[in-house]
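Here is the structure we will look at, set down as structure tokens.
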Amino acid sequence: MALIGHCLRNNLDTNSAWILMGATIRLAQSIGLHEASPSLPESEQFQRNKLWWTIVWQDTFLSFTYDRPPSTITMSCPIPYRQQTEGLSFQESIFTICNILLNKARQETAGNLEDPQQSALKYKSQLEEVWDDAAPFLTDKARCTSVQDHLERLALGVHLGYGVCRLSRVYLSEMEPHSPLYNGAAMDCMNRAMQAIESFLDLHRFSASVCRSWAFVHNAVSCAITLKGLGAPLVEGQRNPEVLVQRLIAVLEKEEKDSEWCDADTNVRYFGPYSRALKALREIYREVAV
């Protein structure tokens, strides 16, 4: 069911994916995956926890992306961390990101009166700490020893960069525009967005098929749209973010062209995620130009 939901999400059938995700979560809860079971052997409990947190991963992406309440907000299942490790694996890093975002959702659901700016800054800092806790190969390409290592490093860069960028926008929305403090925060957000887009472009270079996942396309395009709305002044010697966005558009245009097909009535069709992502980017550029 989780795999079917993943396919529905990639085809942008988000309503069906959301409904199926709810059914998948209820089924998982009915067999106790969401709760720790001390009576089970440690190896079996570890596998159950991994399965549950894989479901949480999908639920968190849907809720965080489309501003819907997560269905896995209440649970007592710990993240399945390995006992001996030099740092968090890719999967553990993603689970940690999900846990941070779920904690943020719990706070909002509970009606916590914490200042929105301070709340966004707190969770943004927690996300940034994931970089410090991740395994060396996830943060340094020189430590990668296989293509899989590079793919995981870049995938984490896309997801984590988008999460930090998204919370930075909340933080910026509570600040006085064009103040020195705002400009510094906007510059940091711009750098995070550019890093996420660069990770997507490098990931596409390693494996174009991996980048057909809607999660990667959405996160990269969202960061590109954020860049257009920041208005952060460029520092001398800094790369122009518009050049990076143009590279992203060129990649998406090529993928859209390669995905072209004709239906039974000989109408030209394109793979949904690419065409919608390009439409969003082009509309933003057109608005800015006007």
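For the sequence shown, the positions run 31 to 320 when the numbering used here is used.
For every residue, glycine included, the Cβ atom is placed at its ideal position computed from N, Cα and C.
Nothing here was measured: the structure is a model prediction, and the numbers come from that model.
- A residue is called buried when at least 16 other Cβ atoms come within 10 angstroms of its Cβ; HIS234 meets this threshold and is buried.
- Excluding the 5 residues flanking it on each side, LEU181 has same chain C-beta neighbours closer than 8 Å at LEU233, PHE236, SER237, VAL240, in chain order.
- Distance from the CA atom of ASN133 to the CA atom of ASP288, rounded to whole angstroms, is 41 Å.
- For GLY191, the enclosing alpha helix (DSSP H) begins and ends at 177-203.
- Counting C-beta atoms within 10 angstroms of its own C-beta, ASN249 has 16 or more neighbours from the protein chains shown and is therefore classed as buried.
- Within the DSSP secondary-structure output, GLU286 pairs in no beta bridge.
- Judged by DSSP secondary structure, GLU138 falls within the alpha helix (DSSP H) whose first and last residues are 120-139.
- The residue among ASN213, THR256, LEU157, PRO110 with its C-alpha nearest the C-alpha of LEU63 is PRO110.
- Nearest neighbour of PRO146 by Cα position, chosen from ARG312, GLY117, MET205, turns out to be MET205.
- The bridge partners DSSP lists for GLU65 are SER106.
- Counting along the chain, TYR96 sits inside the alpha helix (DSSP H) bounded by residues 72-96.
- Within the same chain, Cβ atoms closer than 7 Å to the Cβ of ILE55 are found at ILE85, ASP89, SER101, THR102, the five residues on either side in sequence being excluded.
- Taking the Cα of ILE49 as reference, the smallest distance to any Cα among ALA32, HIS189, THR175 is reached at ALA32.
- Ranked by how close their Cα comes to the Cα of LEU311, the residues ASN270, LYS258, GLN268 have LYS258 in first place.
- Rounded to whole angstroms, GLU65 and THR256 show a C-alpha spacing of 38 Å.
- The residues LEU308, in chain order, have a CB closer than 7 Å to that of GLU283 in the same chain once the five nearest residues on each side in sequence are set aside.
- Secondary structure note for LEU168: it is in no alpha helix (DSSP H), with a DSSP letter that is neither H nor E.
- For the pair ALA150 and TRP83, the Cα-to-Cα distance works out to about 24 Å.
- Taking the Cα positions, LEU231 is about 14 Å away from ARG222.
- Less than 8 Å divides the Cβ of GLU228 from the Cβ of LEU274.
- Contact check for HIS189 against ILE279 fails: the beta carbons are separated by 8 Å or more.
- In terms of Cβ geometry, SER203 and ALA215 do not form a close pair [threshold 8 Å].
- Separation of GLN59 and ASN270 (C-alpha to C-alpha, rounded to the nearest whole angstrom) is 48 Å.
- Cβ contact annotation for LYS154 (same chain, cutoff 7 Å, sequence separation greater than five): VAL194, LEU197, SER198, TYR201, in chain order.
- Residue state for THR115 is assigned as coil, using DSSP reduced to three classes.
- By the CB criterion at 8 Å, ASN129 and CYS107 fall outside the cutoff.
- The residues GLU144, SER149, in chain order, have a CB closer than 8 Å to that of GLN137 in the same chain once the five nearest residues on each side in sequence are set aside.
- If you keep only unbroken alpha helix (DSSP H) runs of at least 4 residues inside the region 220-262, you get 244-260.
- Secondary structure of ASP145 (DSSP, three-state): coil.
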